[in-house]
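Undergrad: Position 266, counted from 1, in the sequence shown is what the UniProt record's numbering calls 266; the numbers after and before it change by one each time, with no gaps.
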Amino acid sequence: MTENSFCGCAISLTRTAQNPRARARPLPNSAASAPHFEAQSAAHSCCKMAMKLAYWDIRGLAQPIRLLLEYTGTKYEEKFYSCGEAPNYDKSCWFNEKEKLGMDFPNLPYLEDGGTKVVQSNAILRYIARKHNLCGETEEEQMRVDILENQAMDFRNGFAQLCYGDFDKNKPCYNEKLPGTLKQFSDFLGDRKWFAGHKITFVDFIMYELLDLHRMFQPECLDDYRNLRSFLDHFESLEKIAEYMKSGKFIKTPVNNKMAKWGNRKE
Numbered sequence: 001m002t003e004n005s006f007c008g009c010a011i012s013l014t015r016t017a018q019n020p021r022a023r024a025r026p027l028p029n030s031a032a033s034a035p036h037f038e039a040q041s042a043a044h045s046c047c048k049m050a051m052k053l054a055y056w057d058i059r060g061l062a063q064p065i066r067l068l069l070e071y072t073g074t075k076y077e078e079k080f081y082s083c084g085e086a087p088n089y090d091k092s093c094w095f096n097e098k099e100k101l102g103m104d105f106p107n108l109p110y111l112e113d114g115g116t117k118v119v120q121s122n123a124i125l126r127y128i129a130r131k132h133n134l135c136g137e138t139e140e141e142q143m144r145v146d147i148l149e150n151q152a153m154d155f156r157n158g159f160a161q162l163c164y165g166d167f168d169k170n171k172p173c174y175n176e177k178l179p180g181t182l183k184q185f186s187d188f189l190g191d192r193k194w195f196a197g198h199k200i201t202f203v204d205f206i207m208y209e210l211l212d213l214h215r216m217f218q219p220e221c222l223d224d225y226r227n228l229r230s231f232l233d234h235f236e237s238l239e240k241i242a243e244y245m246k247s248g249k250f251i252k253t254p255v256n257n258k259m260a261k262w263g264n265r266k267e
């Protein structure tokens, strides 16, 4: 394939003369340049490189990002790193190249979009969401997004500490506090379809993942929160999300890496 093939896109610019004998009249500058502009635009659209998302071969912090990429129809590819088996859980596949990637604060997950490299899961979500106006439209919606983004991270960190820490010792206390935590999210959602309001935002992708993990962890935990269950149903019924979940690309398990005490196995 040559450079002039525009990445496989065939661009045909055809002009038909109504009178073959008529003398060709010069086009106005704007009209004359239009086909060239259209060709350039089409080539740019066609040749736009796929984003690359890199993470461990688990759900983890990358799952909301995957869901958002699928929902927005973003062209992307994934690079998976695999943690070694017990007892060492070797991660050299990541650490051997971590400092060679030429990015600020190298960490997993990371996203490459052409020459742009983004780390930190929430920063990646916001980067994608800004391209599709999924950060909230009104000041109130944006405020709710900001609040929930941080509250959800607290929720996630607490669950991660349980899964990777002394699971058997800490599980009873976690289960005791879980209903109160879920009630707070239920109250915040209220009778809205999405957490920020009438339109989906990137924090809905975070909350879907957290609530889905918790019903895997404790299947009855959402029984008293009808609006949270409805939220999950609405999310899963989104056309592109439903298609993704039925595809071979979707990662159901493992949730966590191999050293975790819960969610560390592929089922």
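Ideal Cβ placement from N, Cα and C applies to all residues, glycine included.
These numbers were taken from a predicted model, which means no experiment stands behind them.
DSSP puts W56 in a beta bridge; with which residues?
TA: W56 pairs with Y81.
Undergrad: What would DSSP say about E139, mapped onto helix, strand or coil?
TA: Note: E139 maps to helix in three-state DSSP.
Undergrad: Residues bridged to K117 by DSSP?
TA: Paired residues: E112.
Undergrad: Which one of E70, Y55, T253, E97 has the shortest CA to CA distance from D235?
TA: With the sequence shown as reference, residue 235 is identified as Phe, and Asp is not the correct amino acid for it. Closest option to F235, Cα to Cα, is E70.
Undergrad: So what does DSSP say about Y76, is it helix, strand or coil?
TA: Of the three classes helix, strand and coil, the one that applies to Y76 here is strand, per DSSP.
Undergrad: Got a sec: is the Cβ-Cβ distance from Y174 to anything in chain B below 7 Å?
TA: Here chain B cannot be found, since the structure has a single protein chain.
Undergrad: State the DSSP-derived secondary structure class of M51, mapped to helix, strand or coil.
TA: Of the three classes helix, strand and coil, the one that applies to M51 here is strand, per DSSP.
Undergrad: What runs of the beta strand (DSSP E), each 3 residues or longer, lie entirely inside the UniProt domain "GST C-terminal" (138-255)?
TA: For the UniProt domain "GST C-terminal" (138-255), not a single whole beta strand (DSSP E) run of length 3 or above is found.
Undergrad: Can you give the beta carbon distance from L228 to L189, rounded, assuming they're within the 8 Å contact cut?
TA: Contact holds; Cβ gap of about 7 Å.
Undergrad: By alpha-carbon positions, which one of I65, N150, G60, S82 ends up nearest to I124?
TA: Out of I65, N150, G60, S82, I65 has the C-alpha closest to the C-alpha of I124.
Undergrad: Exposed or buried, G60, counting other C-beta atoms within 10 Å across all chains shown (16 or more means buried)?
TA: Result: buried.
Undergrad: Among the candidates A62, N96, Y76, F205, whose CA atom is the shortest distance from the CA of K52?
TA: Selected option, being the one with the closest Cα: Y76.
Undergrad: For E209, which option in I58, K48, M49, Y89 has the closest C-alpha, if you only look at C-alpha atoms?
TA: Checking every option, the nearest Cα to that of E209 belongs to I58.
Undergrad: Indicate the three-state DSSP secondary structure (helix, strand or coil) for L61 in the structure shown.
TA: Three-state result, L61: helix.
Undergrad: How big is the Cα-Cα spacing for D166 and C173?
TA: The alpha-carbon atoms of D166 and C173 are separated by roughly 12 Å.
Undergrad: Is it a yes or a no for the region 176-184 touching the region 76-86, going by three-plus beta-carbon pairs under 8 Å?
TA: Taking 8 Å as the limit for Cβ pairs, the verdict is that the region 76-86 does not touch the region 176-184.
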